[in-house]
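Everything below concerns the one structure shown next.
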Amino acid sequence: MQDEATARARELRRDGSRAERICWELLRGRRLNGFKFRRQHSIGPYFADFACISLKIVIEIDGDHHAFQVETDNRRTAAMEQDGWRVLRFWANQVVENPEGIWTEIEQALLASAPHLASPPRGRGT
1 MQDEATARAR ELRRDGSRAE RICWELLRGR RLNGFKFRRQ HSIGPYFADF ACISLKIVIE
61 IDGDHHAFQV ETDNRRTAAM EQDGWRVLRF WANQVVENPE GIWTEIEQAL LASAPHLASP
121 PRGRGT
């Protein structure tokens, strides 16, 4: 079962949408206030597009097809929230057209979940 989940996660990472690639560029390498994110992280039977495990925050990027699967997405979100995750959803066109706005919203959610980190981490030599 684990091998199937790993293979599916790899497939989802490989076949990510343009919006997912843009979002990953914002999140990868601890670029957002030093928080680590994972792509296609398994949560129960679902794969979160992006997950900050330390704060239990999920970021989902919804393409056009999500307009036709609202109930499915609501169940998925409810299941993740029941397991203690906070789910942030963005439309793919939001990510493509305004990555800075997405960055700000995600940063605010992270800082709200970790108020003791309201100041960005200090770099070397500062």
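Quick note: the sequence shown uses UniProt numbering, first residue 1, plus one each step.
No residue lacks a Cβ here, since even glycine has one placed at the ideal position from N, Cα and C.
Values in this document were obtained by computation on a predicted structure and should not be read as measured data.
- [ ] Note down the Cα distance separating residue 95 from residue 102, rounded to an integer number of angstroms.
- [x] 6 Å
TODO: Taking 8 Å as the cut-off, decide whether the C-beta atoms of residue 130 and residue 75 are in contact.
DONE: Because residue 130 is not part of the residues shown, which for the chain are 1 to 126, the question remains open.
- [ ] Kindly indicate which residue of 27, 31, 83 and 98 has the alpha-carbon position closest to the one of residue 56.
- [x] 83
TODO: Find the nearest neighbour of residue 36 within the set 51, 106 and 47, judged by alpha-carbon distance.
DONE: 51
Open item on the list: If we require 3 or more residues per run, which beta strand (DSSP E) segments fall completely within the UniProt domain "DUF559" (5 to 110)?
Closed with: 38 to 43, 46 to 52, 57 to 62 and 86 to 91
Open item on the list: Taking the alpha-carbon of residue 47 as reference, which of 19, 4, 28 and 31 has the nearest alpha-carbon?
Closed with: 4
Task: Cβ shell of residue 88 (< 8 Å), same chain only, five flanking positions each side left out - done: 57, 58, 59, 60, 105, 106 and 109
Open item on the list: Judging by CA-CA distance, which residue of 62, 100, 63 and 39 is the nearest neighbour of residue 53?
Closed with: 39
Open item on the list: For residue 92 and residue 44, what's the separation of their Cα atoms in angstroms?
Closed with: 24 Å
TODO: Apply the 10 Å Cβ neighbour rule to residue 20 and answer buried if 16 or more other Cβ atoms are within range, or exposed otherwise.
DONE: buried
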